[in-house]
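Some notes on the structure that comes next.
Protein chains: 2
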Amino acid sequence: MKKGRVTIKDIARELNIAPSTVSRALNDHPAIKKETKEAVKALAEKLDYQPNLLALNLLQKKSNTIGVIVPEITGHFFSAIITGVQDVIVHSEYNIMICLSNESYEEELTIVKRLSKIQIDGVLVSPSSETKNFDHFKKLQKSGIPIVVFDRDCPGLEADKVLVDDYFGAFQAVEYLIGIGCNRIAHLGGPLNLSTTEHRLQGYLDALHKNKVAVNDQYVVHVSGFSHEEVELATKELLNNNELPDAIFAYSDNLAISAMHTAKELGLQIPGQISIVGFDDEPHSAFITPALSTVWQPVYSMGMLSARILLSHLKNPNTPPEYRKEVFKPELVIRASSKENKLVSED
Amino acid sequence: MKKGRVTIKDIARELNIAPSTVSRALNDHPAIKKETKEAVKALAEKLDYQPNLLALNLLQKKSNTIGVIVPEITGHFFSAIITGVQDVIVHSEYNIMICLSNESYEEELTIVKRLSKIQIDGVLVSPSSETKNFDHFKKLQKSGIPIVVFDRDCPGLEADKVLVDDYFGAFQAVEYLIGIGCNRIAHLGGPLNLSTTEHRLQGYLDALHKNKVAVNDQYVVHVSGFSHEEVELATKELLNNNELPDAIFAYSDNLAISAMHTAKELGLQIPGQISIVGFDDEPHSAFITPALSTVWQPVYSMGMLSARILLSHLKNPNTPPEYRKEVFKPELVIRASSKENKLVSED
DNA sequence: AAAGTGCATGCAAAGGTTTGCATTGCCAAA
DNA sequence: TTTGGCAATGCAAACCTTTGCATGCACTTT
Chain A
1 MKKGRVTIKD
11 IARELNIAPS
21 TVSRALNDHP
31 AIKKETKEAV
41 KALAEKLDYQ
51 PNLLALNLLQ
61 KKSNTIGVIV
71 PEITGHFFSA
81 IITGVQDVIV
91 HSEYNIMICL
101 SNESYEEELT
111 IVKRLSKIQI
121 DGVLVSPSSE
131 TKNFDHFKKL
141 QKSGIPIVVF
151 DRDCPGLEAD
161 KVLVDDYFGA
171 FQAVEYLIGI
181 GCNRIAHLGG
191 PLNLSTTEHR
201 LQGYLDALHK
211 NKVAVNDQYV
221 VHVSGFSHEE
231 VELATKELLN
241 NNELPDAIFA
251 YSDNLAISAM
261 HTAKELGLQI
271 PGQISIVGFD
281 DEPHSAFITP
291 ALSTVWQPVY
301 SMGMLSARIL
311 LSHLKNPNTP
321 PEYRKEVFKP
331 ELVIRASSKE
341 NKLVSED
Chain B
1 MKKGRVTIKD
11 IARELNIAPS
21 TVSRALNDHP
31 AIKKETKEAV
41 KALAEKLDYQ
51 PNLLALNLLQ
61 KKSNTIGVIV
71 PEITGHFFSA
81 IITGVQDVIV
91 HSEYNIMICL
101 SNESYEEELT
111 IVKRLSKIQI
121 DGVLVSPSSE
131 TKNFDHFKKL
141 QKSGIPIVVF
151 DRDCPGLEAD
161 KVLVDDYFGA
171 FQAVEYLIGI
181 GCNRIAHLGG
191 PLNLSTTEHR
201 LQGYLDALHK
211 NKVAVNDQYV
221 VHVSGFSHEE
231 VELATKELLN
241 NNELPDAIFA
251 YSDNLAISAM
261 HTAKELGLQI
271 PGQISIVGFD
281 DEPHSAFITP
291 ALSTVWQPVY
301 SMGMLSARIL
311 LSHLKNPNTP
321 PEYRKEVFKP
331 ELVIRASSKE
341 NKLVSED
């Protein structure tokens with residue numbers, strides 16, 4: 001018995017053969033005699049030999065690990081994406097390292113440095129809401145690490161992208177609100193540098209334009225973070241307009257729910273006086289009262305696809321930089337927080 | 001310019017000194033002359049030298065990574081714990097690898113094998129609801145890997161534990177229900193092998209005993225998984241009793257919300273006809289209607305403490321096996337889903 | 001001048017595995 | 001018998017860093 005764990009050398013010594021032969025036998029190298037292979041494998045089994053991946057990593061200059069950078073995981077959205085990623089990666093030889101930026105650019109930088117140090121093999125990323133500059137990701141790419149961006153786009157970064165057609169989702173939602181008779185539709189927008197914020201805003205604006213509903217600047221407010229206080233403040237700003245909006249299209253379900261709460265506190269009837277539509281379709285959105293109308297996104301599938309794309313790059317490291325861009329279609333889900341009751345009070 | 005990334009040898013060659021000197025200079029070894037250190041550091045900076053952690057891992061026989069095994073992350077509970085863990089670990093030199101068992105014993109085994117292969121340095125674990133046998137964790141410990149168990153206990157496993165006083169929480173909740181006049185209190189219990197299930201059940205039973213409320217076996221049902229269908233079925237079983245319960249104490253908020261939904265579908269008034277109390281205080285529980293009474297747990301702190309305990313073991317690897325057991329006190333949060341309206345209908 | 005002291009640095013091994021090339025032994029063809 | 005070829009295995013380098021011990025040098029002390 002030796003001290004530490006069993007190595008390939010231990011097996012070699014025991015069998016009076018060279019370590020290289022053991023290695024080849026274990027890996028079913030064709031130049032090794034059948035009996036040798038069997039003997040080696042039997043002894044390896046008996047000694048409970050575990051290959052030392054650390055040594056392999058050094059040799060191959062790769063960590064067999066992929067990093068996933070997300071802003072947070074306490075909401076359903078990113079945790080569901082991660083679950084999708086995990087369910088794909090778990091069937092590969094890769095390990096997965098989840099990193100939280102906490103919506104902070106600084107922390108995102110630190111994470112990227114760390115991942116680069118441990119020689120990460122690939123990265124899945126959804127940038128923080130503070131991130132405007134993507135040079136840290138470009139630097140990763142330059143050192144040969146493939147990157148797949150999901151949900152929140154990084155404009156100017158050439159990489160694989162798995163996105164949602166936020167514009168389409170927002171357009172649908174707002175056109176639906178117009179269709180049920182709303183004409184003072186406010187938008188509670190997300191943090192301004194996010195691509196998702198921008199696209200949802202644009203969808204909102206275009207839906208208004210197309211349907212000849214006047215755009216009122218006072219009906220558009222953006223939060224810069226996701227804390228309850230901030231959202232409450234922004235909502236009050238919307239609701240303190242001299243002309244009360246008759247609908248709020250919110251950037252996300254969480255914003256919508258916060259807004260709903262605030263509206264209730266101000267004594268407003270939902271959807272009687274004001275309709276509310278969110279975005280994300282978080283599971284609990286169906287359970288609040290009134291149940292929240294929202295825009296559903298195929299989160300789990302997005303996670304799986306992102307992971308698959310990254311894996312395919314890792315299998316073929318020499319492929320030219322031909323990036324995929326996959327855009328999922330979201331779907332409007334109508335529930336009780338919005339209601340066709342304005343047509344009457346219209347005229 | 002060389003091909004790959006800059007190594008310590010490149011710096012040594014450039015400066016006509018030995019690699020070992022470079023290493024020592026970079027690590028501020030006292031035996032190195034000041035000027036040498038400065039020269040080395042300057043060049044390292046200029047060449048953007050990144051130490052190769054893979055080589056270090058091999059040398060030290062450790063991966064500088066700790067594993068976190070959780071059953072799922074789509075709920076708030078585990079994702080908040082993980083956030084706490086992460087916020088502590090991020091300030092250490094360790095990386096963190098999050099693994100999802102999906103409440104499956106099989107997958108948990110696979111994860112443990114994987115972690116062992118990559119020479120993980122320490123593990124934080126909350127076992128799956130299927131896990132009855134903890135030998136896989138014991139095996140890890142035998143190979144010198146410290147384990148900290150959190151939330152869900154592993155009875156028979158000697159390790160550090162960061163738990164919640166589930167018994168106390170359940171006792172408080174049920175005694176409160178009795179206090180507001182309920183005397184047909186049902187329990188919608190969790191999966192049977194979980195320590196949390198057991199302790200919450202015991203708290204429920206003892207609260208009834210202490211207050212001389214009759215225990216009715218038909219009022220206790222356990223789910224074996226957390227799918228909505230299963231919970232619905234279990235709830236219906238409870239509500240189909242010839243004597244309708246006047247309260248349900250549920251194992252978790254998610255179960256409570258599912259049950260609430262089912263009860264509503266059956267036309268029951270909450271809390272008019274039946275009070276409901278959950279466990280966990282998920283953030284959305286405050287937003288559903290009626291807002292859910294529940295038992296709050298200091299999740300984020302639990303995550304942080306678990307991580308700190310593990311780190312302290314990693315700093316002092318030679319400490320004797322003296323395990324800590326930290327038990328957090330949960331707190332009853334009373335909201336609208338339970339109401340003091342039974343005293344009238346009592347007599 | 002010889003011996004002693006201490007500082008600054010170099011040498012080489014170690015960690016476990018893979019892999020290109022070399023080597024050995026054996027049999028068949030010339 | 002020599003040569004060629006093949007099958008099976010061994011050798012040694014490589015991946016990069018750290019670290020115990022040795023070395024070299026200059027200066028002080030006797």
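Quick note, the sequences are listed as chains A and B, same order. Position one of the first sequence corresponds to residue 1 (the UniProt record's numbering), numbered consecutively onward. Position one of the second sequence corresponds to residue 1 (the UniProt record's numbering), numbered consecutively onward. A virtual CB, placed ideally from N, CA and C, is assigned to each residue, including glycine.
- Shown in chain order are the members of the region 80–105 of chain A whose Cβ falls below 9 Å from a Cβ of chain B: Ala80, Ile82, Thr83, Gln86, Asp87, Val90, Asn95, Ile96, Met97, Ile98, Cys99, Leu100, Asn102.
- Around the CB of Lys325/A, fewer than 16 other CB atoms lie within 10 Å, so the residue is classed as exposed.
- A direct Cα-Cα distance of roughly 37 Å separates Ala336/B from Asp151/A.
- By the beta-carbon neighbour count (other beta carbons within 10 angstroms, threshold 16), Lys34/B is exposed.
- DSSP places Glu103/B in no alpha helix (DSSP H); its state is neither H nor E.
- Distance check between Gly272/A and each of Asp165/A, Pro290/A, Ser92/A, Asp281/A places Pro290/A closest, using alpha-carbon atoms only.
- Across the set Gln119/B, Val112/B, Ile118/B, the C-alpha of Val112/B shows the shortest separation from the C-alpha of Lys138/B.
- In the structure shown, the three-state DSSP call for Lys339/B is coil.
- Three or more beta-carbon pairs drawn from the region 52–72 of chain B and the region 92–109 of chain B are found closer than 8 Å, and the two stretches are therefore classed as touching.
- DSSP places Lys34/B outside any beta strand (DSSP E); the residue lies instead in the alpha helix (DSSP H), whose first and last residues are 34–46.
- For Arg114/B, a Cβ of chain A is located within less than 9 Å of the residue's own Cβ.
- Counted as a single uninterrupted DSSP element, the alpha helix (DSSP H) harbouring His228/A occupies residues 228–239.
- For Ile73/A, the neighbours in chain B by C-beta distance under 8 Å run, in chain order, Ile73, Ser79, Ile82, Thr83.
- Sequence-distant Cβ neighbours of Tyr49/A in its own chain, meaning closer than 6 Å and more than five residues away, are Val6.
- Nearest neighbour of Lys264/B by Cα position, chosen from Ser252/B, Lys236/B, Gly225/B, Tyr251/B, turns out to be Lys236/B.
- Taken in chain order, the unbroken stretches of beta strand (DSSP E) that lie wholly in the region 136–190 of chain B and span 3 residues or more are 147–150, 160–164, 185–189.
- Only those residues of the region 278–293 of chain A whose C-beta falls short of 7 Å from the nearest C-beta of chain B are listed: His284, Phe287, Ile288, Thr289.
- The CB of Ala336/A never comes closer than 8 Å to any CB in chain B; the least such distance is about 11 Å.
- Secondary structure at Phe287/B: coil, using DSSP grouped into helix, strand and coil.
- A Cβ-Cβ contact shorter than 9 Å links Ile82/A with Val70/A.
- Inside the region 261–329 of chain A, DSSP marks whole beta strand (DSSP E) runs of 3 or more residues at positions 275–277, 294–296, 325–328, from first to last along the chain.
- Nearest in C-alpha terms to Lys329/B, of all of Asn318/B, Phe168/B, Glu229/B, is Phe168/B.
- Of all alpha-carbon atoms in Val148/A, Gln218/A, Leu59/A, Ile185/A, the one lying nearest the alpha-carbon of Asp206/A is that of Ile185/A.
- Residues of chain B with a Cβ closer than 8 Å to the Cβ of Gln50/A are, in chain order, Ser116, Lys117.
- Here DSSP, grouped into helix, strand and coil, assigns Ile257/B to helix.
- A distance below 7 Å between beta-carbons, with the five flanking residues on each side excluded, links Ser195/B to the following residues of its chain, in chain order: Arg152, Asp153, Pro155.
- Any Cβ of chain B closer than 9 Å to the Cβ of Met260/A would place that residue at the interface, and such an atom is present.
- By the 16-neighbour rule on beta-carbons within 10 angstroms, Pro245/A is buried.
- Listed in chain order, the non-local C-beta contacts of Pro19/B below 6 Å within the same chain comprise Ile8, Lys9, Ala12, local neighbours out to five positions each way being set aside.
- For Glu326/A, not one C-beta of chain B is nearer than 9 Å to its own C-beta.
- If you compare the alpha carbons of Asn193/A, Arg114/A, Asn183/A, Pro146/A with that of Ser128/A, the shortest gap goes to Asn193/A.
- Between the alpha carbons of Leu268/A and Ser301/B lies a gap of roughly 37 Å.
- Nearest CB-CB separation between Leu54/A and chain B: below the 9 Å threshold.
- Contact between the region 278–290 of chain B and the region 250–263 of chain B is present, with at least three C-beta pairs closer than 8 Å.
- In the DSSP assignment, Gly122/B forms a beta bridge with Ile66/B.
- About 20 Å separates the beta carbon of Phe249/A from that of Val299/A, a gap too long to meet the 8 Å contact definition.
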